[in-house]
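Residue numbers (the working numbering): 42 to 145.
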Amino acid sequence: LLAQLVIAIYFGLAYDKVSEENKAAALPICMLYPVVIGLMKVFQIKLVKKFNVDEIYEFLSLNLAAFPFRFLYLGVDSPIIAASIIGIKFGYKTSTYFVFYLPT
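Rendered as structure tokens:
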């Protein structure tokens, strides 16, 4: 969980730095964040299952994952950028559902 928080902070700092110059140029950072966190979670879930703490990990991880986007929402001053961030998040969660959770 600490690694997830550190990566989230890094992405937040990168977003702040890039968005100072051009907010639209910061959108790829928003698009890359869920992919990086998703890949990291695949590794972490394999690790926590060995210790039988995967349910509590998932609960804490989901709560922790919400922080970076909350800060981005609060820092965005353009409705178009805010809608883009929400769209990216919705698209990622929808695709994740279809890939991992849709019954076959």
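C-beta atoms are modelled at their ideal positions from N, C-alpha and C, and glycine is treated no differently.
- request: Under 7 Å Cβ to Cβ from I129, same chain only, skipping five residues before and after it: list those, please.
  value: Contacts found: C71 and M72.
task: Within the same chain, show all residues whose beta-carbon is closer than 8 Å to that of I78, passing over the 5 residues directly before and after it, in chain order.
output: Excluding residues within five positions, the ones whose Cβ falls inside 8 Å are Q45, I48, A49 and A106.
field: Nearest residue (CA-CA) to T137, options K91, V83 and L101
entry: Closest by alpha carbon: V83.
- request: Give the secondary structure of S60 by DSSP, where H, G and I count as helix, E and B as strand, and everything else as coil.
  value: Helix at S60.
- prompt: F52: which of V89, Y74 and K90 sits nearest, CA to CA?
  reply: Cα-wise, what sits closest to F52 is Y74.
field: Near the ligand MG: I122 beta-carbon under 8 Å from a heavy atom
entry: No copy of the ligand MG appears in this structure; indeed no ligand is present at all.
query: How long is the line joining the alpha carbons of Y56 and A67, rounded to whole angstroms?
result: Going from the Cα of Y56 to the Cα of A67 covers about 6 Å.
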